[in-house]
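Q:
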Ligand code: NOJ
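Numbering (mature numbering (1 follows the signal peptide of the UniProt record, and there is no 0)), first residue to last: -18 to -1, 1 to 706.
1) On the three-state DSSP scale, how would you describe residue 126?
2) Reducing DSSP to helix, strand and coil, say where residue 94 ends up.
3) Say yes only if the C-beta of residue 81 is nearer than 7 Å to one or more non-hydrogen atoms of the ligand FAD, and no if none qualify.
4) Tell me which residue opens and which closes the beta strand (DSSP E) that residue 673 is part of.
5) Looking at the ligand NOJ, does it come within less than 7 Å of residue 76, judged from the CB to the closest heavy atom?
6) Taking all protein chains shown into account, decide if residue 229 is buried (16 or more other Cβ within 10 angstroms of its Cβ) or exposed.
7) For residue 8, which residues in the same chain have their Cβ closer than 8 Å to its Cβ, ignoring the five residues on either side in sequence?
8) For the segment 120 to 136 against the segment 166 to 178, do three or more pairs of beta-carbon atoms, one drawn from each stretch, fall closer than 8 Å, so that the two count as touching?
9) Suppose the cutoff is 7 Å on Cβ atoms and the five residues either side in sequence are ignored; what does the same chain contact list for residue 14 look like?
10) How about residue 536 and residue 554: do their beta carbons lie closer than 8 Å?
11) Let me know the secondary structure DSSP gives residue 715 once reduced to three states.
12) Taking residue 442 as part of the alpha helix (DSSP H), name the residues at either end of that continuous run.
13) Can you tell me which of the three DSSP states residue 271 falls into?
14) Check residue 199 in the structure and name its three-state DSSP category.
15) Which runs of the beta strand (DSSP E) spanning at least 3 residues fall entirely within the segment 262 to 332, listed in chain order?
16) Return the first residue and the last residue of the beta strand (DSSP E) that residue 178 is part of.
17) Measuring alpha carbon to alpha carbon, tell me which of 410, 594, 442 and 53 ends up nearest residue 562.
18) Measure how close the beta-carbons of residue 91 and residue 360 come, nearest whole angstrom, since I'm counting them as under 8 Å.
19) Does the beta-carbon distance from residue 684 to residue 139 come in below 8 Å?
20) Can residue 527 and residue 494 be called in contact, C-beta distance under 8 Å?
21) Under the criterion of a Cβ to heavy atom distance below 7 Å, does residue 673 qualify as lining the ligand NOJ?
22) Looking at the ligand NOJ, does it come within less than 7 Å of residue 540, judged from the CB to the closest heavy atom?
23) Taking Cβ positions, are residue 462 and residue 504 nearer each other than 8 Å?
24) Report yes if the CB atom of residue 287 is closer than 8 Å to the CB atom of residue 270, and no otherwise.
25) Where DSSP assigns a beta bridge to residue 247, which residues make up the other side?
26) Taking 8 Å as the threshold (C-beta atoms), are residue 180 and residue 236 in contact?
27) Quick one: any contact between the segment 393 to 407 and the segment 338 to 348, if contact means 3 or more CB pairs under 8 Å?
28) Please work out which residues of its chain come closer than 7 Å, Cβ to Cβ, to residue 642, disregarding the five sequence neighbours upstream and downstream, and give them in chain order.
29) Could you give the residue range of the alpha helix (DSSP H) that holds residue 53?
30) Could you compute how far the alpha carbon of residue 185 sits from the alpha carbon of residue 40?
31) Just to confirm, does residue 440 get its C-beta within under 7 Å of one of the non-hydrogen atoms of the ligand NOJ?
32) Which runs of the beta strand (DSSP E), 3 residues or longer, sit entirely within the segment 603 to 644?
33) Are the beta-carbon atoms belonging to residue 147 and residue 580 less than 8 Å from one another?
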């Protein structure tokens, strides 16, 4: 049997790193009001795209100003976005499609595990395999530019963030490694990636001023500004830009700016972050597009934006930028032609490099009609196996009490006598997979959400199928010799039959969930559907109650975690369309769980950074990132000396007896019982450096460096240090 020896090698810390900043506003704020006039956009020299850059320059030099404007303006159609074409020069429109977990919204594609779930595997191999398999589906659907991945924005400053699950981890280092691998491997066969959302996109509430369609709009009127994320220079580099820096290093072709303001300037127009940090300092030679409706003036082109999305589509809902209005601004001298010349080169160069030699497939989906499967599927059979494998490797065993033969693993399939499948979350969603996700309603607290596999918004994707807990475990009962007892109640219903089914069973699986979505932050971190009541009802009747949680982040478990009959708790994340398919291997001990939490699981909302979502009904709301490099996750818990329920990196292994201790003297993910192995973990100079605002560079400081290796951020038994 495989033994998992958990490891964590992120605890290289400097004393100085964990101190709060005296001055929350260093360089970024000192330079406030940084529009294009303050810091000019650098012209691209091509970077790694030597051939593509030469071809793009040759093409753009032949273009009229109208044609350059067309290449740098957004359109819509079959795809959620396009760039404009120049037929006489053979420049085609480029199809853009969401998103981080699927080709959205297309039929006949896979709904992959969410990034937060892939992040819970801590596996470079699986993150790479996911990237390659996703890229194949994007390409086969005719997409030129994937609006993916989310590279640490949101990072997860607040556990309430509606889109935290679209990113890999609330830890900037783990996020940055996954971003590098994903961009490199999604782009390996020509697909272009978009690292998003640059920068400081840590809340959904008041993300847009033109918030006519979103219920977080407090006025329902097109007034008021986007939330202003105020973060200092050091925090920018060490936390929020780190994952983007790795995406750029991996060669991301595009970057999408965010909806929020950044230190007072609309992010899409912010010259300091785009012209200076991104294009100059990080040496990004690709193209920056706005988020859909993130442009508020054509001056954003001066501030570093290269494409305004989605132009004036959707009846001007998102404003009227790029196109004719940009042409007018160029003619009036408000935007110089050289800027649009460079923007067109930046947009075409990576595409010509990555896709120039290939016959690219025609677009075969239509965002305007997702009700029918008009095109053949592009799914490959082996992708289902990969999705399941990621799901299995991502399951985090949060809690396990193996005394008296209870807990996990369950008795073997032919020995177990009866198993209850309880809670609406164990079943198919009665109204179908597309009845919430994007459009068409929401997975509300009071609806039956079924086995919940994904959050909502542009990070969602239409699943081809979903394997519910009930479907999967009934199949297991057929293989084994146990009876299945069922009840699909939610916690707001009369639970007498629910209790009876639990009482009749040797073990009871209770499926609970919580939904998160783009457009809204979570109102709280409690379970949906009266989940706490379900768990307590099962535990009052069955002494082997096992809880399965599907959510994109932390949910409170305090109401029942100490109940003696709650013998095991599994966090299954948002696993994509294989749904509960990962569970049998874990439950019956075919595989030992090896998922590790990519975020901190608190005991209450109060333990997290306070007021991390700016909600005030203000005309110009401000989110002050005064905590600086303490971030919002494990840094914060350490700073506050707060004991979480489960620390960052936590994840148990079920095949070790209760009292087993692991002696860690190295790091490893494959060991036989009794075997030891020495493993090296390369650290880059940057990993040991701090960002110096004065020097505008990474500095390796003299002092003591402390390292910890262990299973989680609160348990790093191997300590080492050295001094420079
Ligand atoms: C808005 C989202 O913020 C972004 O992530 C997405 O790519 C665009 N809409 C396009 O759907």
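Beta carbons: idealized from backbone N, C-alpha and C, even for Gly.
A: Reading off the structure:
1) Translated into the one-based positions of the chain shown, residue 126 becomes position 144. Here residue 126 sits in coil by DSSP.
2) The sequence position of residue 94 within the chain shown is 112, counting from 1. In the three-state reduction of the DSSP assignment, residue 94 falls in the coil class.
3) Looking at this structure, you won't find the ligand FAD anywhere; what it does contain is the ligand NOJ.
4) Here residue 673 corresponds to residue number 691 of the chain shown, with the count starting at 1. For residue 673, the enclosing beta strand (DSSP E) starts and ends at 672 to 674.
5) Residue numbering aside, residue 76 sits at position 94 when the chain shown is read from its first letter. No, since every heavy atom of the ligand NOJ falls outside the 7 Å radius drawn around the Cβ of residue 76.
6) Here residue 229 is taken as the residue at index 247 of the chain shown, counted from 1. It counts as buried.
7) On the chain shown, position 26 is the one that residue 8 refers to. Low local confidence applies: a pLDDT of 42 at residue 8 is under 50, so the model's placement there is unreliable, with the coordinate-based value given in what follows. Here the set comprises 214, 215, 216 and 675.
8) The segment 120 to 136, when compared against the segment 166 to 178, does touch it at the 8 Å Cβ threshold.
9) Taking the first residue of the chain shown as position 1, residue 14 is located at position 32. Since pLDDT at residue 14 reaches only 48, below the 50 mark, its modelled position is unreliable, and the value read off the structure follows with that caveat. Within the same chain, Cβ atoms closer than 7 Å to the Cβ of residue 14 are found at 245 and 246, the five residues on either side in sequence being excluded.
10) Counted from its first residue, the chain shown places residue 536 at position 554. Counted from its first residue, the chain shown places residue 554 at position 572. Result no, Cβ atoms of residue 536 and residue 554 do not sit closer than 8 Å.
11) Limits of the chain in this structure are -18 at one end and 706 at the other, which puts residue 715 out of reach.
12) Stepping through the chain shown from its first residue, residue 442 is reached at position 460. Looking at the DSSP string, residue 442 is not in any alpha helix (DSSP H), and its letter there is neither H nor E.
13) For the purposes of this step, residue 271 is taken as the residue at position 289 of the chain shown. Note: residue 271 maps to strand in three-state DSSP.
14) Here residue 199 refers to the residue found at position 217 when the chain shown is read from its first residue. The pLDDT assigned to residue 199 is 44, lower than 50, so where the model puts this residue is not dependable, and the model offers no usable value.
15) Within the segment 262 to 332, the complete beta strand (DSSP E) runs of at least 3 residues are 269 to 271.
16) On the chain shown, residue 178 is found 196 positions in, with the first residue counted as 1. Start and end: 174 to 180.
17) Here residue 562 corresponds to residue number 580 of the chain shown, with the count starting at 1. Nearest option by C-alpha distance: 410.
18) Within the chain shown, the letter at position 109 stands for residue 91. Within the chain shown, the letter at position 378 stands for residue 360. About 6 Å; that satisfies the 8 Å criterion.
19) For the purposes of this step, residue 684 is taken as the residue at position 702 of the chain shown. For the purposes of this step, residue 139 is taken as the residue at position 157 of the chain shown. No, the Cβ-Cβ distance between residue 684 and residue 139 is not below 8 Å.
20) Sequence index remark: in the chain shown, residue 527 carries index 545 (1-based). Sequence index remark: in the chain shown, residue 494 carries index 512 (1-based). No, these two residues do not count as a Cβ contact at 8 Å.
21) Within the chain shown, the letter at position 691 stands for residue 673. No, Cβ of residue 673 sits at least 7 Å from all heavy atoms of the ligand NOJ.
22) Numbered from its first residue, the chain shown carries residue 540 at position 558. Checking the Cβ of residue 540 against the ligand NOJ gives no.
23) Working through the chain shown from its first residue, we reach residue 462 at position 480. Working through the chain shown from its first residue, we reach residue 504 at position 522. No. Outside cutoff.
24) Taking the first residue of the chain shown as 1, we reach residue 287 at position 305. Taking the first residue of the chain shown as 1, we reach residue 270 at position 288. Yes. Within cutoff.
25) Taking the first residue of the chain shown as position 1, residue 247 is located at position 265. In the DSSP secondary-structure assignment, residue 247 is bridged to 244.
26) Position 254 of the chain shown, counted from the first residue, corresponds to residue 236. Position 198 of the chain shown, counted from the first residue, corresponds to residue 180. No, they are not a contact pair.
27) The answer is no - the segment 338 to 348 does not touch the segment 393 to 407, with fewer than three Cβ pairs under 8 Å.
28) Counting from 1 along the chain shown, the entry for residue 642 is found at position 660. For residue 642, the predicted model reports a pLDDT of 47, less than 50, meaning its position is unreliable; a value from the coordinates is still stated below. If we look at residue 642 and ignore the five residues flanking it on each side, it has no Cβ neighbours.
29) Along the chain shown, one-based indexing puts residue 53 at 71. Secondary structure note for residue 53: its alpha helix (DSSP H) is the uninterrupted segment 47 to 53.
30) Numbered from its first residue, the chain shown carries residue 185 at position 203. Numbered from its first residue, the chain shown carries residue 40 at position 58. Cα to Cα, the separation comes out at about 42 Å.
31) Mapped onto the chain shown, residue 440 falls at position 458. Yes, since a heavy atom of the ligand NOJ falls inside the 7 Å radius drawn around the Cβ of residue 440.
32) 604 to 606, all fully within the segment 603 to 644.
33) Looking up residue 147 in the chain shown gives position 165. Looking up residue 580 in the chain shown gives position 598. Residue 147 places its beta carbon 8 Å or farther from that of residue 580.
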